[in-house]
Amino acid sequence: MDYIIHPQTAIGHVHLIISNLERSLRFYTEIIGFRILRKNQYEAVLTADGATPLVVLEEKTDAVPKPPRTTGLYHFAILVPDRKSLAQSLFHLLQTGYPLQGASDHLFSEAVYLADPDGNGIEIYADRPREKWEKTENGEYKGVTEPLNVSDLFAQPGIEAWSGLPSKTRIGHIHLHVGDIAKAYDFYVRALGFEATIRMGTHALFVSAGGYHHHIGLNTWAGVGAPPPPTNAVGLRVFSILLLDEEEREKVAERLQHIGASVRRNENSIWTSDPFGNEIELAIQP
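Numbering (the working numbering), first residue to last: 465 to 750.
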């Protein structure tokens with residue numbers, strides 16, 4: 465029987481390379497609604513609850529734009545706790561006039577899409593109740609992309625004025641460009657132990673822990689065999705996967721070593737990278 469990662473596994477934080485810290489901080493605090501947890505000259509850690517790091521922004525003075533047909537970040541997804549919170553965020557975004565890239569209904573969630581000043585993709589979304597998530601005959605989740613019913617979203621009673629992201633906000637999932645779906649399956653499902661929840665032929669795969677619709681999305685839309693971006697390109701530096709405990713982390717590390725993946729250790733963390741250069745920190749849940 466294949467190893468299955470613990471159902472409480474979740475995405476922790478995303479660490480982004482950006483080109484101008486002050487510009488990005490204005491965007492992530494004033495437009496998105498994060499709070500600054502700590503900051504130095506070249507790096508800032510952002511939070512929603514005043515304690516939990518969710519996004520790290522690292523300025524590189526020699527940063528270059530991410531080349532279009534490379535692996536790396538497609539978007540990271542900010543999960544707000546309920547539909548009213550999504551309505552508040554969307555209304556605020558419309559008030560600011562910041563350009564949006566889309567607004568969609570995926571059946572299991574409703575989402576708004578945009579990009580930060582460096583082009584890093586962002587999704588802000590709210591899940592529908594799990595009992596309403598539909599499955600196909602093969603047991604995978606039915607995911608669609610329909611236009612978001614904005615008027616219905618705004619018609620909810622009790623929507624309050626926007627005051628930043630709610631304290632229960634977290635990083636719900638991350639979506640990556642990869643070079644090969646079969647290799648991605650071997651790494652994320654067979655080695656890490658996530659379960660495949662949605663498959664779109666040979667061009668997209670969604671995986672999760674604990675029956676969630678997806679914690680990680682993987683696609684070849686940048687091209688099969690796409691190379692990693694330059695190390696000084698803006699985009700994803702690393703994202704963290706929160707594992708239950710040290711025992712679980714050691715199991716995952718052993719499986720990664722078994723398939724020949726890099727496993728690097730320091731005092732508090734274990735780091736690895738997928739076959740496409742996407743860096744991952746294996747962390748322990750607080």
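Beta carbons: idealized from backbone N, C-alpha and C, even for Gly.
Please name the residue in the options whose C-alpha comes closest to that of residue i.
i	options	result
LEU554	ASP526, LYS599, GLU604 and SER615	SER615
GLY561	ALA668, ILE496, GLN749 and HIS678	ILE496
ILE662	TYR649, ALA655 and LEU656	TYR649
GLY675	GLU604, PRO693, ASN732 and ALA690	GLU604
LEU700	LYS530, ALA619 and PHE491	LYS530
TYR538	ILE723, ALA697, LEU682 and ILE469	LEU682
ALA668	ALA655, GLU659, ALA690 and LEU640	LEU640
THR525	GLY536, VAL698, GLU714 and VAL702	VAL698
LEU564	PHE572, GLU574 and ILE586	ILE586
HIS722	ARG654, ILE542, PRO471 and GLY643	ARG654
ARG594	GLY566, ARG502 and LEU571	LEU571
THR535	GLN552, PRO691 and GLU659	PRO691
VAL702	VAL688, GLU718, SER672 and GLU745	GLU745
GLU659	GLY643, HIS677, ASP644 and VAL642	HIS677
PHE498	SER488, ARG490 and THR511	THR511
THR695	VAL528, LYS606 and VAL688	VAL528
ALA686	ARG713, GLY643 and LEU720	GLY643
PRO621	THR516, SER672 and ALA551	ALA551
THR609	LYS647, LEU617 and ASP569	ASP569
GLY665	PRO693, ILE475, PRO750 and THR684	THR684
Shorter than 8 Å from the beta carbon of residue i to some beta carbon of chain E?
i	result
ILE705	No chain E is part of this structure, which consists of one protein chain only.
Based on the DSSP secondary-structure assignment, which residues constitute the bridge partners of residue i?
i	result
THR511	ARG499 and PRO517
LYS548	Its beta-bridge partners do not exist; DSSP assigns none.
ASP569	GLU574 and GLU610
PHE740	DSSP, once it has assigned bridges, lists no residue as partnering PHE740.
GLY681	HIS639 and PHE670
Is DSSP giving residue i helix, strand or coil here?
i	result
VAL478	strand
GLU718	helix
ASP591	strand
THR661	strand
THR493	helix
VAL688	coil
TYR652	helix
LEU564	coil
ARG533	coil
PHE540	strand
LEU746	strand
ALA646	helix
LYS599	strand
SER704	strand
Can you tell me whether residue i is buried or exposed, with buried defined as 16 or more other CB within 10 angstroms of its CB?
i	result
ASP738	buried
SER627	exposed
ILE468	exposed
SER704	buried
ASP709	exposed
ASN742	buried
GLU598	exposed
PHE540	buried
GLU574	buried
ASP466	exposed
VAL509	buried
State whether the segment 473-484 contacts the segment 581-596, with contact taken as three or more CB pairs (one from each stretch) at a distance under 8 Å.
Under the Cβ criterion (8 Å, minimum of three pairs), the segment 473-484 counts as touching the segment 581-596.
The segment 541-551 / the segment 624-633 touching (three or more Cβ pairs under 8 Å)
Touching, per the Cβ criterion.
The segment 501-509 in contact with the segment 727-737 per 3-pair CB rule at 8 Å:
Contact between the segment 501-509 and the segment 727-737 is absent, because fewer than three Cβ pairs lie under 8 Å.
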